[in-house]
Each structure stands twice: as structure tokens, then as C-alpha cells.
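Visitor:
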Amino acid sequence: MSENILTISDRIQHKLDDLTRAERQLALSILENYPASGLGTLSALAKDADVSVPTVARMVQKLGYKGYPEFQAELREELRAKAKSPIAKHDTWAEAAPVGHMLNRFTEAVIDNIRHTLGQIDPASFDAACVLAGDAQRHLYIVGGRITHTLAEYLFLHMQVIRPNLTHVQSTSNSWPHYLLNAGEGDVFIIFDVRRYENNTLKLAEMAHARGAKIILFTDQWRSPVHQLAEHSFSNRIVVPSAWDSAATTMLLVETMIASVQNLHWERTKERMEELEDMFDQTRLFRKFT
Numbered sequence: 001m002s003e004n005i006l007t008i009s010d011r012i013q014h015k016l017d018d019l020t021r022a023e024r025q026l027a028l029s030i031l032e033n034y035p036a037s038g039l040g041t042l043s044a045l046a047k048d049a050d051v052s053v054p055t056v057a058r059m060v061q062k063l064g065y066k067g068y069p070e071f072q073a074e075l076r077e078e079l080r081a082k083a084k085s086p087i088a089k090h091d092t093w094a095e096a097a098p099v100g101h102m103l104n105r106f107t108e109a110v111i112d113n114i115r116h117t118l119g120q121i122d123p124a125s126f127d128a129a130c131v132l133a134g135d136a137q138r139h140l141y142i143v144g145g146r147i148t149h150t151l152a153e154y155l156f157l158h159m160q161v162i163r164p165n166l167t168h169v170q171s172t173s174n175s176w177p178h179y180l181l182n183a184g185e186g187d188v189f190i191i192f193d194v195r196r197y198e199n200n201t202l203k204l205a206e207m208a209h210a211r212g213a214k215i216i217l218f219t220d221q222w223r224s225p226v227h228q229l230a231e232h233s234f235s236n237r238i239v240v241p242s243a244w245d246s247a248a249t250t251m252l253l254v255e256t257m258i259a260s261v262q263n264l265h266w267e268r269t270k271e272r273m274e275e276l277e278d279m280f281d282q283t284r285l286f287r288k289f290t
């Protein structure tokens, strides 16, 4: 399976409106525990979803597969793609490396990622996530992982200017359970989690969810297991001609969220910016040329 084509989850989401009631019930059952839900036998999947075996066969064909074996084979390819190490990803790319300079190849891949990602995002869900992120009555916690902590820090730095009442959670530290002591009903966790998904991040999300917090997830095209707990989940295309995955599309969404929350609360943001600039002047942090 090429990593740039639609995943089975993508196909299901695109076809939801065209499915019968039983097929939709089956589709939602698959997505609920995706991708593990499709790894068993056809009859087991039908039983878990409480639908008939012919319903499974029909829906698989509607997704574009000749039969259940082909459906499962692609699902296993997705699982293998999820677990790829940086070295394995580089080797896979190098086998079919296209011609052209890296600048062009990389840019084309990023543009393709952006196009596919934006084509699948529900604007209403994104707007609702921005409303949650900007609500200063709710404590906002921002969480990143081993690599994505850079995205979390970037979002946190800007949100500090836009709103009060927020915390940057160091999810890779043994101290992160301390942050949960103050988390409660209605608080918001913005979590970044991409392949190879981190156990600490999932456990933190589970505990935050159990305390009544709402979760906004930025993940990849295969989706972190945290998506099952998320109020809003945004899947980003991340594959580029590199040993590492790309954060470009995720950064685009992060900066869009910053701009959106800033606009929702511009008067408050403006006052905080002015106060911050006064502090910068007092500390002489930046050089003045006038």
C-alpha cells in the first residue's frame, strides 16, 4: 500500500453518507476500534457489529475491494506502515525515489499532504475546537510527545499571549501525573500524538478523559488510539521523502487555530499583547531602532 493513498479509515468516512443503516452500523463499529477491528474473520466482524455476513461483504465492495481478503491485506499494510522505524521508512522511499531536486520533491509531497488533509477536515469541528481552546473559563492543557513537543511548545507560547489559565504538560516526564491533580470537568487537553504512538500520552488522555476533560487531538492519517477519547480529532498527512515524518501540515493547522482563537477574543488578546510589550520594554529584551 502506498502511504499517500487513502487509508481504509478515509474510505469509510468518505462513504458514510452512501451506506445503508446496517452498513453504517458496521462502519462505525470498525472505526470504533480501528484498525484492530478488521483483523479477525469476516464472521467475527459481523458478530461484533451485530450485522449479517452479507452486510460485511457488501460494504467491503462499496469501499472498493474485491472481497474481505483484499480488505484485510490492505489493513495489515497500514499496520506495518504505522510501526515503521525511521530507517525502514527511508529504505522504502529510496527504492522508488522519483527524479528531481529534493526541494521540489519535498515541497510536492507537503502540498499533497495539505490538500488531502484539508479535504477531510470538518470546518464546523475545527471551529468548535477553537472555541474550546479559547474559552478562558476552562483550564487548557497542551501536551506533546518525544517529537511533537515542539508543536506543543509553539502552540503554548502563543496561547500564553492570547489567554490566561493554561499549562504546558511535559508528557514524557514522570511528573506529568501531577498536572492531572487540578484537571477537572470541562477542562481542555490539546494533545499531539503521531506514529509511533506513545504509551504515556494514551494513559494521560485516558486519565484526563476519566476526570471529565475534553480532548482535542492532532494526529496522523492512521490516527492515534487517543482519537477514541477525543471530542475533536484532526488527522494530518505526514509522509514525505525523508526518514522522518513531516510536521508541516500539523503546523499549518496549529497556526490556523492560533489565528482563529486570537480573532475570537481579539480585545482580550490585544490588551494582553500591549501589556506584554510593556514588559518587554522594561526588561529591554529586544533592541530598539527608534
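Note that the sequence shown covers residues 1 to 290 in UniProt numbering.
Backbone N, C-alpha and C define an ideal beta-carbon position, used for all residues, glycine too.
If you're wondering where the values come from, they're calculated on a predicted model, not measured in any experiment.
Can you name the start and end residues of the alpha helix (DSSP H) that S233 belongs to?
Guide: Looking at the DSSP string, S233 is not in any alpha helix (DSSP H); the run it does join, the beta strand (DSSP E), is 232–236.
Visitor: Given this structure, state the Cα-to-Cα distance separating I114 from D220, to the nearest angstrom.
Guide: Each residue's Cα considered, the two are about 12 Å apart.
Visitor: Just to check my reading of the structure: T7 and V161 have Cβ atoms closer than 8 Å, yes? What is that Cβ distance to the nearest angstrom?
Guide: No, T7 and V161 are not in contact; Cβ-Cβ is about 36 Å, not under 8 Å.
Visitor: What three-state label does DSSP hand H209 in the structure shown?
Guide: Three-state result, H209: helix.
Visitor: By the 10 Å Cβ neighbour count, where 16 or more other Cβ atoms means buried, how is G145 classified, buried or exposed?
Guide: Per the 10 Å Cβ criterion, buried.
Visitor: M59 and L103 - do their beta-carbons sit closer together than 8 Å?
Guide: Not in contact: L103 and M59 (Cβ atoms no closer than 8 Å).
Visitor: Please report the residue range of the beta strand (DSSP E) in which Y141 lies.
Guide: Looking at the DSSP string, the run of the beta strand (DSSP E) that includes Y141 is 140–144.
Visitor: Quick one: Cα of I12 to Cα of S43, how far?
Guide: One C-alpha to the other measures close to 19 Å.
Visitor: What do you reckon, are the CB atoms on L79 and P123 nearer than 8 Å?
Guide: Contact flag unset, no.
Visitor: Using three-state DSSP, classify L276 as helix, strand or coil.
Guide: Note: L276 maps to helix in three-state DSSP.
Visitor: Quick check: what's the CA-CA separation for L63 versus D18?
Guide: In a straight line, the C-alpha of L63 is about 10 Å away from that of D18.
Visitor: Closest to H265 by CA distance: which of R163, L181, V226, R138 is it?
Guide: For the residues R163, L181, V226, R138, the minimum Cα distance to H265 belongs to R163.
Visitor: Give the straight-line distance between the Cα atoms of T167 and A129, rounded to the nearest whole angstrom.
Guide: Approximately 17 Å, taken between the alpha carbons.
Visitor: When the Cα atoms are used, what is the spatial distance from A109 to E198?
Guide: If I take the Cα positions, the gap works out to 26 Å.
Visitor: For a test of the three-state rule: what should DSSP assign to I258, helix, strand or coil?
Guide: Helix.
Visitor: Decide if F286 is buried, meaning its Cβ has at least 16 other Cβ atoms within 10 Å, or exposed.
Guide: It counts as exposed.
Visitor: Evaluate E3 with the Cβ neighbour count: other Cβ atoms within 10 Å of its Cβ, from every protein chain shown; 16 or more gives buried, anything less gives exposed.
Guide: Confidence at E3 is low in this model, with a pLDDT of 45, below 50, so the placement of that residue should be treated as unreliable; the coordinate-derived value is given next. So E3 ends up on the buried side.
Visitor: Are there 16 or more other CB atoms within 10 angstroms of the CB of M257, so buried, or fewer, so exposed?
Guide: Buried, by the Cβ-count rule.
Visitor: Within the same chain, show all residues whose beta-carbon is closer than 7 Å to that of W93, passing over the 5 residues directly before and after it, in chain order.
Guide: Legend: pLDDT at W93 = 48, less than 50; position of this residue unreliable, no value from coordinates given.
Visitor: In whole angstroms, what separates the C-alpha of Q282 from that of A230?
Guide: About 42 Å.
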